[in-house]
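K.L.:
Quick one: this structure, given as structure tokens, is what I'll be asking you about.
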Amino acid sequence: GIGNLARVEDIMTAERYIDILCENLEESLLKLDLETNFIFQQDNDPKHKAKKTIAFFKSNKIKLLEWPPQSPDLNPIENLWAYLDRNVDKTNVTDKTSYYAALQKAWEDIDPEYMKKLVESMPRRLEAVLKTKGGNTKY
């Protein structure tokens, strides 16, 4: 399944990231039926690794998945963004508002089977990264 899609109008900062988590994480976990049984995955973006962000996760007792640096091949979100880009109806996109509306529609229409395949691809992704000793993979 999918959680909430958050629109970011301004510059993303650690503070804004924490705000997005506060506004969306609980509802997203409820949608996914993961209220207490989850490990949060994020990449090593400086906003994600900021002291205040880590403090937020610790104070809310949220377990984080350790993530290797410079590892876009492991991150299924990259595939999801490409999928969304292909599925956004660009014929009606004339400005930021219409783009977000099209993106929201594409988000809501994500095929659950596609999401399942992304999750199930993780062992193969890990194996491919190990095989290339951290180099690029087909993912």
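According to the working numbering, the sequence shown is numbered sequentially starting from -4.
Where is the CB? At the ideal position from N, CA and C, for every residue including glycine.
Quick caveat: nothing in here was measured; it's all calculated off a predicted structure.
Between which two residues does the alpha helix (DSSP H) harbouring residue 114 extend?
P.N.:
107 to 115
K.L.:
Does the Cβ-Cβ distance between residue 68 and residue 124 come in under 8 angstroms?
P.N.:
yes
K.L.:
If you scan the stretch 31 to 97 from start to end, which runs of the alpha helix (DSSP H) of 4 or more residues do you find wholly inside it?
P.N.:
41 to 44, 46 to 54, 71 to 82
K.L.:
Can you tell me whether residue 3 is helix, strand or coil according to DSSP?
P.N.:
coil
K.L.:
Among the residues of its own chain, which have a CB less than 8 angstroms from the CB of residue 93, if the five just before and after it don't count?
P.N.:
87
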